[in-house]
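**Q** Using the numbering used here, you'd call the opening residue of the sequence shown number 2 and step up by one each time.
A virtual CB, placed ideally from N, CA and C, is assigned to each residue, including glycine.
Quick one: the structure is below, and I'll ask about it shortly.
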Amino acid sequence: MLSFVLKLPALLASLSWRTSILVALLAGALNVFSFAPFHFWPLQILSIALLFLILVQDENSSLRRSAILGWAYGFGVTFFGVSWLIILMTRYNDLPFWLSLIGMTLLAGYLALFAAIAMTISWYLRRRSKLSALVTLLFIMPAIWALTEWLRGWLFTGFPWLVSGYAHTLSPLAGYAPVVGVYGVGWISAIISGALALLILQQQRWKQISALMALLLIGGALLGQYAWTQPSGQPITVRLLQGNVDQGLKFDLARVQESLALYHDMIVAAPADLIATPETALPMLSSNLPLDYLPRLNIFAQESNSRLIVGVVAHDGDDLYANSVLGFGREYTAQSYRYDKHHLVPFGEFIPFGFRWFINMMKIPFGELSSGAHVPQAMQVKDQFILPNICYETLFGEEIAQQLRSQASGKNGAATILLNVSNMAWYGDSIAMPQHLQISQMRVLETGRAMLQATNTGATAFINAQGKIVNQLQPLTTGSLSARVQGMTGLTPYIRFGNATVIVLALLSLLLAYGISKR
Numbered sequence: 002m003l004s005f006v007l008k009l010p011a012l013l014a015s016l017s018w019r020t021s022i023l024v025a026l027l028a029g030a031l032n033v034f035s036f037a038p039f040h041f042w043p044l045q046i047l048s049i050a051l052l053f054l055i056l057v058q059d060e061n062s063s064l065r066r067s068a069i070l071g072w073a074y075g076f077g078v079t080f081f082g083v084s085w086l087i088i089l090m091t092r093y094n095d096l097p098f099w100l101s102l103i104g105m106t107l108l109a110g111y112l113a114l115f116a117a118i119a120m121t122i123s124w125y126l127r128r129r130s131k132l133s134a135l136v137t138l139l140f141i142m143p144a145i146w147a148l149t150e151w152l153r154g155w156l157f158t159g160f161p162w163l164v165s166g167y168a169h170t171l172s173p174l175a176g177y178a179p180v181v182g183v184y185g186v187g188w189i190s191a192i193i194s195g196a197l198a199l200l201i202l203q204q205q206r207w208k209q210i211s212a213l214m215a216l217l218l219i220g221g222a223l224l225g226q227y228a229w230t231q232p233s234g235q236p237i238t239v240r241l242l243q244g245n246v247d248q249g250l251k252f253d254l255a256r257v258q259e260s261l262a263l264y265h266d267m268i269v270a271a272p273a274d275l276i277a278t279p280e281t282a283l284p285m286l287s288s289n290l291p292l293d294y295l296p297r298l299n300i301f302a303q304e305s306n307s308r309l310i311v312g313v314v315a316h317d318g319d320d321l322y323a324n325s326v327l328g329f330g331r332e333y334t335a336q337s338y339r340y341d342k343h344h345l346v347p348f349g350e351f352i353p354f355g356f357r358w359f360i361n362m363m364k365i366p367f368g369e370l371s372s373g374a375h376v377p378q379a380m381q382v383k384d385q386f387i388l389p390n391i392c393y394e395t396l397f398g399e400e401i402a403q404q405l406r407s408q409a410s411g412k413n414g415a416a417t418i419l420l421n422v423s424n425m426a427w428y429g430d431s432i433a434m435p436q437h438l439q440i441s442q443m444r445v446l447e448t449g450r451a452m453l454q455a456t457n458t459g460a461t462a463f464i465n466a467q468g469k470i471v472n473q474l475q476p477l478t479t480g481s482l483s484a485r486v487q488g489m490t491g492l493t494p495y496i497r498f499g500n501a502t503v504i505v506l507a508l509l510s511l512l513l514a515y516g517i518s519k520r
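Written out as structure tokens, the structure reads:
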């Protein structure tokens, strides 16, 4: 093995151009196994190190070659990592497989552009300033990698699924999440990848480079022991409902009454301080529900001293629809609590300009929804305050941090518990469910608050304030998950500063590289 590692630089340098592209593509595909449900996080460090090494070793490197190699790596990650979108397009939206494959390829090709941009800028800065391999691998490439992943998280509403940091919810690097967030964890991971590539290139520096890698890993492990938030109030009892309603039947008019009855019976089966249903658990517009349906749930909440959060598409008249949750309980006798999803899914909940033709070929209900307030109020449950987010919104950590930061200056302070309600049935029994749950784990690590996740088919789970999955329902089953949840107060550095910290650190890394090049 050691002999192979020693020969690796020469081996990579001798690869043909086409073989280098294939290796970059395979390295990206292997990176998928670093995420849930596989959790083999060291593989991500190895795969990115391999990409960095190919680029640094490429004797005929150019702007074009760097872009293509980066694109191949990014395509491997995104195409194989989110290919479950094909289930959505073919099984539930009646698109032909060939057209779904084209759509998936176009999406993966677009997302791969960010890796291509990262490698292109890295190549340009190295050549322009004649930087050494050490400066390139430790300062330039990791910083640009982090900045382009952050860019992917908000450009054109963002799609930050499978950004590097998510692979480390179970690694020592998870300890950095409350400070620098998921993009910061990805940046530190990329530094370790760069150090590993440098170690392979310059074995004579193995002591210094190994010490740097160990320092970063140990630093994360030590930070993970620090409690950034503290318990607040008394724990509450919770029931999370998983109806397991098949997506192909959910909006079938003949089955709607069955779903309404199912969730009514699951809700009233037992009291709890908080009972939460999945996203759009009630498969009808709020204006079309039986007149006594919500009042009966409200009566149960009042009489049993329970609080309910129910997912429904709210109809506010005319063509105004919102993906919402409604809350009932003794604190809301005069007016029910309401939270509207504000970060909508392109093609699923709003139609990007010029793509009406694509939506017309699909059969997604409520393809055009209105967006809710960006700074929602938390729902009071006894002396705890619950901040909901709906499905896709759990991907956007800075938005959740900004909401908590804004609430902190209010009368009740920041929310003490997070709640995600989702409907992952669109993606069948695929790795989308554990990937989504892992994303919620990262939100917990960033904010220091427990997360409750109520879903239609899975993963319905309770994640404690340390980011550990305490309990989880079996996917694709009908059931209720009971938990006792402690609310937390306090603001982590990530809540206070969001992604600004990692952006500043990455830019300082580039400035440091510039200063070294001038010397």
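In three-state terms, what does DSSP make of V83?
**A** coil
**Q** For the putative contact between V326 and P389, defined by C-beta atoms under 8 Å, what is the C-beta separation to the nearest angstrom?
**A** 5 Å
**Q** For the region 299–309 against the region 264–278, do three or more pairs of beta-carbon atoms, one drawn from each stretch, fall closer than 8 Å, so that the two count as touching?
**A** yes
**Q** Where R520 and L199 are concerned, what is the direct C-alpha to C-alpha distance, given to the nearest angstrom?
**A** 21 Å
**Q** Considering only residues of the same chain and omitting the five flanking positions on each side of L321, which have a CB-CB separation below 7 Å?
**A** By the criterion of a C-beta distance shorter than 7 Å, L321 is surrounded in its chain by S371, once the five residues flanking it on both sides are discounted.
**Q** Closest to M489 by C-alpha separation, out of S172, W229, L286 and W162, would be which residue?
**A** W229
**Q** Alpha carbon to alpha carbon, how far is T493 from V180? Give it in angstroms, no decimals.
**A** 7 Å
**Q** Is the Cβ-Cβ distance between E350 and G398 less than 8 Å?
**A** no
**Q** Give the single residue among R339, F329 and G330 whose Cα lies nearest to the Cα of A323.
**A** R339
**Q** Check whether the region 216–236 and the region 169–184 touch, using three or more Cβ-Cβ pairs below 8 Å as the test.
**A** Of all C-beta pairs linking the region 216–236 to the region 169–184, three or more are shorter than 8 Å, placing the two stretches in contact.
**Q** From this set, A451, I432 and L511, which residue's C-alpha is nearest F81's C-alpha?
**A** Selected option, being the one with the closest Cα: I432.
**Q** For L283, which beta-bridge partners are listed by DSSP?
**A** Per DSSP, V313.
**Q** Where do the N-terminal and C-terminal ends of the beta strand (DSSP E) with P389 fall, by residue?
**A** Its beta strand (DSSP E) spans residues Q385 to I391.
**Q** Label G499 either buried or exposed according to how many other C-beta atoms from any shown protein chain fall within 10 Å of its C-beta, with 16 as the threshold for buried.
**A** Around the beta carbon of G499, 16 or more other beta carbons sit within 10 angstroms, so the residue counts as buried.
**Q** My assumption, with CB atoms under 8 Å, is that L139 sits in contact with F53. Please give the rounded CB distance.
**A** Contact check for L139 and F53: beta-carbon distance about 10 Å, past the 8 Å limit, so the pair fails to qualify.
**Q** Hey, T502 and Q243 are a contact pair by Cβ (cut 8 Å); roughly how many whole angstroms apart?
**A** With a contact defined as Cβ atoms closer than 8 Å, T502 and Q243 miss out at about 36 Å.
**Q** For A466, tell me which candidate among R497, L420, M434 and S510 has the shortest Cα-Cα distance.
**A** Checked all of R497, L420, M434 and S510; the closest Cα to A466 is L420.
**Q** Could you check what DSSP says for F329 in three-state terms: helix, strand or coil?
**A** Taken through DSSP and simplified to helix, strand or coil, F329 comes out as strand.
**Q** Taking Cβ positions, are S165 and G185 nearer each other than 8 Å?
**A** no
**Q** Would you kindly work out how many angstroms separate the C-alpha atoms of L217 and L152, rounded to a whole number?
**A** C-alpha of L217 to C-alpha of L152: approximately 24 Å in a straight line.
**Q** Pull up the DSSP beta-bridge partners for D472, would you.
**A** According to the sequence as given, residue 472 is Asn; it is not Asp. Partner(s): F463.
**Q** Using the rule of at least 16 other Cβ atoms within 10 Å of the residue's Cβ for burial, across every protein chain shown, is S510 buried or exposed?
**A** buried
**Q** Apply the 10 Å Cβ neighbour rule to Q336 and answer buried if 16 or more other Cβ atoms are within range, or exposed otherwise.
**A** By the 16-neighbour rule on beta-carbons within 10 angstroms, Q336 is exposed.
**Q** Does DSSP put G480 in a helix, a strand or coil?
**A** strand
**Q** Check whether the Cβ atoms of A455 and V486 sit closer than 8 Å, and answer yes or no.
**A** Cβ atoms of A455 and V486: not closer than 8 Å.
**Q** Within its chain, find whatever has a CB closer than 8 Å to the CB of L44; leave out the 5 residues flanking it on each side and keep chain order.
**A** L31, N32, F34 and S35, listed in sequence order.
**Q** What number of angstroms, rounded off, separates the C-alpha of G429 from the C-alpha of F39?
**A** 18 Å
**Q** State the Cα-Cα distance for the pair F367 and S17, rounded to the nearest angstrom.
**A** With a pLDDT of 44 at F367, under the threshold of 50, the predicted position of this residue should be treated as unreliable, and no value is reported.
**Q** For P377, which of helix, strand or coil comes out of DSSP?
**A** coil
**Q** Could you check how far apart the C-beta atoms of A134 and L202 are, in whole angstroms? I think they sit under 8 Å.
**A** That pair is a contact at about 6 Å.
**Q** Helix, strand or coil, according to DSSP, for S407 in the structure here?
**A** helix
**Q** According to DSSP, simplified to helix, strand and coil, what is A426?
**A** helix
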